[in-house]
Amino acid sequence: MEKVEKTIEQIYEEAFKEIKFATDSESIKALSIRYLGRKGIITNFLRNISNLPPEKRPEVGKRVNEVKKSLDKAFKHALKRLETKPSQKDYRIDVSLPGRTIQQGSLHPITQITWQICEILEKIGFDIAEGPEVETDHYNFEALNIPKNHPARDMQDTFYISDNIVLRTHTSSIQVRIMEKLTPPVRVIAPGKVYRCDSDLTHTPMFHQVEGLMVDEGISFGDLKGILTTFIHHMFDEKTTLRFRPSFFPFTEPSAEVDILCVMCRGKGCRVCSHTGWLEVIGAGMVHPAVFENVGYDTTRYTGLAFGMGVERIAMLKYGIDDIRKFFENDSRFLRQF
Ligand code: FA5
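If you number the sequence shown the way the numbering used here does, the last residue is 402 and the count never jumps.
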């Protein structure tokens, strides 16, 4: 009797091991027949119970039925598991498939153009500075000779944070911050984001400018023309046609705007250049004496030049892009080209 009981426990243990190591549903079905089938190991075992002494038969019979039920459950469970999981033979490696390429990122075209602008101006002798995008009314307007309620404020439609705090409308806000810290000679450029309530083919509410400021004894409008012409010729090429057009900024006198012949229509007139044949890229001029007075510079000794260029406009001309908004739509098909 002792021997028979041990044997049923052994059979039980072995069956479980085999179920555990089976790798496909076919093997489980075969195991189920081997153990529980009509001529299976457990069925045979039950038949042999009649050889035991009568008083032992009920106890052993009960245990064999328990083992039978438990194994049946284990076979069903394993079958379900293996049928939902692909078998090892399904994991074939197809060596003829092309490899998976890793997508490479790149710098945004506006970042690339900003870096190119700064590189050229650094070679001309300018150092780089930075200033805050959330700016006081003082640095953005007042200190630049644009008092409150002055009509010149209408030139730049502003996002106000509060009465005295704005999102800077131009990088010129950094001019006074620089001059408060340095004594001439000053030669600084300041790249950064600026904000205006503005949106069409050539205007976006957020865009980038690079400001330039040079103050010393004897700085003239000729220096301004020379620097900007050299810059444009390096940024594009020597044949690029540009013009200086008289303009007005409260913080420069005289003031000018620099236009480049529209690359889309070669000057014939199109929707990008508003049918003028020219695209405005830089505002510039000689620093107004009122601005120098605001920072305590001696206006009888020093003169200065300043300019502020639109990075997106330069990028549009450089790459032949007809809608400024494309830079900010984040369409990777567009961005991948640069
Ligand atoms: C100014 O912002 C002056 N601060 C420039 C300046 C600096 C003048 C120093 C004198 C001395 P303006 O508003 O014209 O100027 O803008 C300068 C350039 O920014 C424009 O020539 C244009 O290229 C670009 N720009 C202006 N508004 C937008 C806009 N909404 N979207 C994209 N680019 C713009």
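We treat Cβ as the ideally placed atom computed from N, Cα and C, and that holds for glycine.
Next item on the list: Let me know the secondary structure DSSP gives H272 once reduced to three states.
Entry: strand
Notebook entry, point to check: Skipping 5 residues on each side, what residues in its chain have a beta carbon closer than 8 Å to that of L95?
Noted result: A79, E82, I83, A86 and F139
Checklist line | As assigned by DSSP and simplified to three states, the class of K67 | finding: In this prediction, K67 has a pLDDT of 49, which is less than 50 and means its spatial position is unreliable; what the coordinates show is noted afterwards. In the structure shown, K67 falls within a helical segment according to DSSP collapsed to helix, strand and coil.
Next item on the list: Going by CA-CA distance only, name the one from Q74, R335, L116 and E119 that's closest to Y50.
Entry: In the structure displayed, the chain extends from 65 to 402; residue 50 sits before or after that span and is not available.
Notebook entry, point to check: Are the CB atoms of V336 and D386 nearer to each other than 8 Å?
Noted result: yes
Item checked: Backbone CA spacing between P255 and Y224 [nearest angstrom] -> In a straight line, the C-alpha of P255 is about 22 Å away from that of Y224.
Next item on the list: Compare the beta carbon distance of Q273 and V375 with 8 Å and say whether it is the shorter of the two.
Entry: Contact: yes.
Notebook entry, point to check: Considering only C-alpha positions, which residue in the set I291, G341 and T364 is nearest to G372?
Noted result: I291
Notebook entry, point to check: Counting pairs of beta carbons, one from the stretch 162-171 and one from the stretch 108-119, are three or more of them closer than 8 Å?
Noted result: Contact between the stretch 162-171 and the stretch 108-119 is absent, because fewer than three Cβ pairs lie under 8 Å.
Check: So is the beta-carbon of G372 under 7 Å away from any non-hydrogen atom of the ligand FA5?
Finding: yes
Checklist line | Boundaries of the beta strand (DSSP E) in which L343 is found, first to last residue | finding: W342 to V351
Notebook entry, point to check: At what residues does the alpha helix (DSSP H) containing K93 begin and finish?
Noted result: S89 to L100
Check: Buried or exposed: Q401, going by 16 or more other Cβ atoms within 10 Å of its Cβ?
Finding: Its Cβ having fewer than 16 others within 10 Å, Q401 is exposed.
Checklist line | Option nearest D280 by Cα separation, candidates L246, D264 and L265 | finding: Considering only alpha carbons, the answer is L246.
Next item on the list: Rounded to whole angstroms, what's the CA-CA distance from K67 to K103? Just pull it up for me.
Entry: Only weak support exists for where K67 lies, its pLDDT of 49 falling under 50; the value from the coordinates is given anyway. Each residue's CA atom was taken as its position, placing K67 and K103 some 21 Å apart.
Margin query: Using the three-state DSSP reduction, which class does H339 fall into: helix, strand or coil?
Written below: coil
Item checked: Beta-carbon proximity check, R377 vs V327, cutoff 8 Å -> no
Notebook entry, point to check: Hey, how far is the Cα of S89 from the Cα of I157?
Noted result: 22 Å
Next item on the list: Keeping to the same chain, check which residues put their C-beta closer than 8 Å to that of R397; ignore five residues upstream and five downstream.
Entry: If we look at R397 and ignore the five residues flanking it on each side, it has no Cβ neighbours.
Margin query: Are there any heavy atoms of the ligand FA5 lying less than 7 Å away from the beta-carbon of V345, as far as the coordinates show?
Written below: yes
Margin query: Just verifying my parser: in three-state terms, what is the DSSP assignment at G374?
Written below: strand
Notebook entry, point to check: Hey, out of R330, G276 and E357, whose CA is closest to T304's CA?
Noted result: Per the Cα distances, R330.
Next item on the list: Would you mind reading off the limits of the alpha helix (DSSP H) that contains Y203?
Entry: D201 to N204
Note to self: Rounded to whole angstroms, what is the Cα-Cα separation between M65 and V159?
What the structure shows: For M65, the pLDDT reaches just 43, beneath the cut-off of 50, and the residue's location in the model is therefore unreliable, although a value from the coordinates is still provided. Approximately 60 Å, taken between the alpha carbons.
Check: In this structure, does DSSP put E123 in helix, strand or coil?
Finding: helix
Notebook entry, point to check: Quick one: is P173 buried, meaning 16 or more other Cβ sit within 10 Å of its Cβ, or exposed?
Noted result: buried
Margin query: Assuming G256 is part of the beta strand (DSSP E), what are its boundary residues?
Written below: V250 to Y259
Checklist line | Burial state of D218, where buried means 16 or more other Cβ atoms lie within 10 Å | finding: exposed
Checklist line | Backbone secondary structure at K81 - three-state DSSP | finding: helix
Notebook entry, point to check: Between the C-alpha atoms of H214 and I181, what's the straight-line distance to the nearest angstrom?
Noted result: About 33 Å.
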